[in-house]
Structure formats: structure tokens, C-alpha cells
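>
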Amino acid sequence: MGEVLALLSALCFGSTHFLGGLLARRADSAAVALVAQAGGTVLVLGAAPWVAATEVSPAALLWGSLSGVGTGVGVVFLYRAMSAGAFSVVAPLSDVAAVALPVLVGVALLGDRPEALTWCGIAAAAPALWLVSRSDSDGGGGGASRIAAGVRDALVAGGGFALQFIALAQVDPAAGLWPVVASRAASVLAILPLVLRRPVRLRLRPAVACGAVAAGALGSLAIVLFTLAAREQLLSVAVVLTALYPAIPVLLGLVVLGERLTRARLAGLLCAASAVALISLP
């Protein structure tokens with residue numbers, strides 16, 4: 001059951017990121033992220049009282065809040081990356097970072113000892129990042145000119161999502177959905193300073209605002225499904241299955257937006273898929 005929940009979470013994450021990325025091309029990415037997270041907060045807040053919670057400890061709420069900081073950073077930078085770069089580039093890059101970083105944190109801080117295949121997967125992430133992040137043109141200029149648009153923001157987004165996954169996995173199941181409420185609220189607070197610098201950013205057209213709320217609702221559902229999956233399954237398995245979400249924006253970017261893949265990027269995507277698979281096998 002945990003595997004099914006994680007895959008459903010991936011479907012929701014992929015759909016919300018594709019929708020959010022499209023909206024970020026029509027309005028300010030931070031404003032879209034703020035409205036989305038606010039809408040998702042209201043949804044989870046309405047659902048939380050209906051889910052059993054035998055003990056809502058301060059620690060559970062703190063872990064939830066920490067995950068929300070990661071979510072806020074992740075969505076802002078992912079939407080910014082998608083507003084500037086190709087979905088088929090930025091989504092896999094954020095995914096590789098989101099999967100590899102929790103493993104490295106486990107090794108450095110939690111005493112985890114990954115299998116050899118896991119290390120092979122982490123090693124495969126390096127060429128994946130290099131190949132996918134290359135610009136369409138190989139000529140002219142220095143190294144910076146050969147970095148595709150949105151790459152740096154995508155990597156920061158991956159770091160945010162890694163924090164989101166790590167923190168959510170520490171939440172006590174007895175707290176029900178209240179840590180998710182704390183997570184959503186913290187994500188709003190994390191994004192708010194970015195928007196308040198220029199209040200004009202909040203002026204979204206009604207259609208964009210409604211779309212952002214819908215994206216936030218899907219994102220909240222994805223978080224709930226991941227939280228439930230992590231309780232049913234090993235964290236490593238839940239994270240990697242959920243991290244399959246870039247398949248959605250990549251495929252939709254190719255089919256709907258007509259994005260094209262160079263040979264280098266295709267090879268990079270294959271390396272990224274191999275990295276995720278190898279990390280998940282143990």
C-alpha cells in the first residue's frame with residue numbers, strides 16, 4: 001500500500017509542478033507559489049480535524065514546520081526555473097538533488113551505510129547534472145554561457161524538496177495531519193518575504209489565481225500522500241517513488257509545449273533515471 005501512496009503522491013507532485021510552472025510564465029513565480037501554498041493550507045486545515053490525532057507533540061509540529069520551509073524554498077525556485085527554462089531540463093535536475101541529498105544527509109548525520117548500488121546512483125547523478133544542464137548551443141563564451149536557463153534555480157529547488165522529505169519523515173504518525181498544516185503554514189511564511197519586497201507581484205489575474213489555488217490543493221494532497229506512504233514504507237523507497245514526479249512535467253513539456261531534447265540532454269535524462277533507480281534498489 002505504501003508504494004501505491006507514493007506513486008499517487010508523485011502523480012500529484014508532477015501535476016502541481018507542471019501547472020505551477022505554466023502559471024509562473026504568466027505571472028511572478030513567487031506570487032504564484034504564495035497563492036498556491038495559501039490555498040493548500042486552507043485545504044489541509046479543513047481536513048485535519050477529520051483525521052485521528054492521538055498526540056500532537058511540539059516536536060511533530062516543529063518537524064512539519066521545517067518541512068514547510070523546504071517546500072517554500074522548493075516551489076519558489078522551481079517555479080522560477082520553469083518560468084525561464086525548459087520543463088524537461090529543470091524538473092529532472094531538481095529531482096536528482098531531492099533524491100541524492102537525503103541519502104548523503106543520512107550518511108553524514110544519521111550513520112546510514114548505503115549499499116554499493118546506492119553509491120553508484122549518486123555517482124551517476126554527476127554526469128546527469130552536467131548533461132541535462134548544458135545549453136542547446138555548445139559554442140561561444142565561457143562555462144557560464146553553456147548552462148541552460150533555470151539550472152541554478154532548479155538545483156536550489158531540489159535542496160528545498162530534500163529538506164521537505166527529510167523533515168516529513170521524522171513526523172510522529174500520532175499527530176495526524178496537524179504537522180502537514182504546520183508545513184503548509186510555514187511554507188507561506190517562507191515565501192511571504194520574497195513577495196512583500198514588491199507588493200505589485202501579488203496582482204494576479206483571476207484565472208491565474210484560481211489555477212494557483214488548484215496547484216496548491218494538488219500539492220497539499222501530494223504531501224499528505226507522501227506522509228502516509230512514509231509511514232507504510234521505508235523512507236528511501238517512499239522518497240524515490242515520490243521523486244518519480246518529474247516524469248509528468250517532462251512528458252507534458254515535450255508533448256504539450258513542444259520542447260525538444262538534444263542528444264546530450266536525452267543522455268542526461270537516462271543518467272538521471274538510472275541514478276534514481278540505483279538509489280532506490282537497496
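Following UniProt numbering, the numbering of the sequence shown begins with 1 at its first residue and continues without gaps.
Ideal Cβ positions, reconstructed from N, Cα and C, are used throughout, including at glycine.
(1) Would LEU117 pass as a contact of HIS17 if the rule is Cβ separation under 8 Å?
(2) CB VAL75 to CB ALA212, shorter than 8 Å?
(3) DSSP on GLN170, reduced to helix/strand/coil?
(4) Looking only at C-alpha atoms, which of TRP178, ALA6 and VAL89 sits nearest to PRO49?
(5) Could you give the C-beta distance for LEU238 and ALA230, rounded to a whole number, given that I count them as a contact under 8 Å?
(6) What's the C-alpha gap between ALA86 and GLY70?
(7) Going by C-alpha to C-alpha distance, which of ALA175, GLY158, GLY121 and GLN170 sits closest to VAL54?
(8) Within 10 angstroms of the Cβ of LEU189, are there 16 or more other Cβ atoms? Answer buried if so, exposed if not.
(9) Buried or exposed: which applies to PRO184, given that a residue is buried once 16 or more other Cβ atoms fall within 10 Å of its Cβ?
(10) Please report the residue range of the alpha helix (DSSP H) in which THR71 lies.
(11) What residue range is occupied by the uninterrupted alpha helix (DSSP H) comprising LEU45?
(12) Please go through the same chain and pick out, in chain order, the residues whose beta-carbon is closer than 7 Å to the beta-carbon of CYS120, but skip the five residues on each side of it.
(13) Where does residue 283 land, buried or exposed, given buried means 16+ other C-beta within 10 angstroms?
(14) Closer than 7 Å by C-beta to GLN164: which residues in its own chain qualify, once you throw out the five before and the five after it? Chain order, please.
(15) Can you list, in chain order, the residues of its chain whose CB lies under 7 Å from that of ALA182, leaving out five sequence neighbours each side?
(16) Rounded to a whole number of angstroms, what is the C-alpha to C-alpha distance between GLY39 and PHE13?
(17) My output table needs one value for ARG231: the three-state DSSP class, helix, strand or coil.
(18) GLY20: which of LEU228, ALA47, ALA91 and ALA100 sits nearest, CA to CA?
(19) Given this structure, state the Cα-to-Cα distance separating GLY268 from VAL56, to the nearest angstrom.
On the basis of the data shown:
(1) As a first step, residue 117 must be located in the sequence shown, where it is residue number 117. As a first step, residue 17 must be located in the sequence shown, where it is residue number 17. HIS17 is positioned such that its CB atom lies no closer than 8 Å to that of LEU117.
(2) As a first step, residue 75 is located in the sequence shown; it is residue number 75 there, counting from the start. As a first step, residue 212 is located in the sequence shown; it is residue number 212 there, counting from the start. Not closer than 8 Å, so no.
(3) To locate residue 170, count along the sequence shown from 1; it is residue 170. DSSP places GLN170 outside both helix and strand once states are collapsed to three, so it counts as coil.
(4) What you label residue 49 is simply residue 49 of the sequence shown in a count that begins at 1. For PRO49, the nearest C-alpha among the options comes from TRP178.
(5) For the purposes of this step, residue 238 is identified with residue 238 of the sequence shown, where counting begins at 1. For the purposes of this step, residue 230 is identified with residue 230 of the sequence shown, where counting begins at 1. The question names Leu, but residue 238 in the sequence shown is Ala. The pair is a contact, with the Cβ atoms about 5 Å apart (cut-off 8 Å).
(6) For this step, residue 86 is matched to residue 86 along the sequence shown. For this step, residue 70 is matched to residue 70 along the sequence shown. Between ALA86 and GLY70, the alpha-carbon positions lie close to 23 Å from each other.
(7) Along the sequence shown, read from residue 1 onward, the residue named residue 54 stands at position 54. Checking the sequence shown, residue 54 turns out to be Thr, not Val. The shortest C-alpha separation from THR54 is found at ALA175.
(8) Within the sequence shown, the letter at position 189 stands for residue 189. LEU189 comes out exposed.
(9) Here residue 184 refers to the residue found at position 184 of the sequence shown. Checking the sequence shown, residue 184 turns out to be Arg, not Pro. Around the Cβ of ARG184, a 10 Å sphere holds 16 or more other Cβ atoms; the residue is buried.
(10) For the purposes of this step, residue 71 is identified with residue 71 of the sequence shown, where counting begins at 1. 58-84 is the span of the alpha helix (DSSP H), which, as asked, contains THR71.
(11) In the sequence shown, the residue the question calls residue 45 occupies position 45. Where LEU45 is concerned, the enclosing alpha helix (DSSP H) stretches over 29-47.
(12) Residue mapping note: residue 120 aligns to position 120 of the sequence shown, counting from 1. When the five nearest sequence neighbours on each side are left out, the beta carbons in the same chain lying within less than 7 Å of the beta carbon of CYS120 are those of LEU278, in order along the chain.
(13) In this structure the chain extends from 1 to 282, so residue 283 is not present and cannot be described.
(14) Translated into the one-based positions of the sequence shown, residue 164 becomes position 164. SER67, GLY70, THR71 and GLY74, listed in sequence order.
(15) In the sequence shown, the residue the question calls residue 182 occupies position 182. Within the same chain, and ignoring the five residues on either side of ALA182 in sequence, the residues whose Cβ sits closer than 7 Å to its Cβ are LEU61, GLY64, SER65 and GLY68.
(16) Counting from one through the sequence shown, the residue named residue 39 turns up at place 39. Counting from one through the sequence shown, the residue named residue 13 turns up at place 13. GLY39 and PHE13: Cα-Cα distance of roughly 15 Å.
(17) On the sequence shown, position 231 is the one that residue 231 refers to. Taken through DSSP and simplified to helix, strand or coil, ARG231 comes out as helix.
(18) Stepping through the sequence shown from its first residue, residue 20 is reached at position 20. Looking at the Cα atoms, ALA91 is the closest of the given residues.
(19) Against the sequence shown, residue 268 aligns to sequence position 268. Against the sequence shown, residue 56 aligns to sequence position 56. Each residue's Cα considered, the two are about 43 Å apart.
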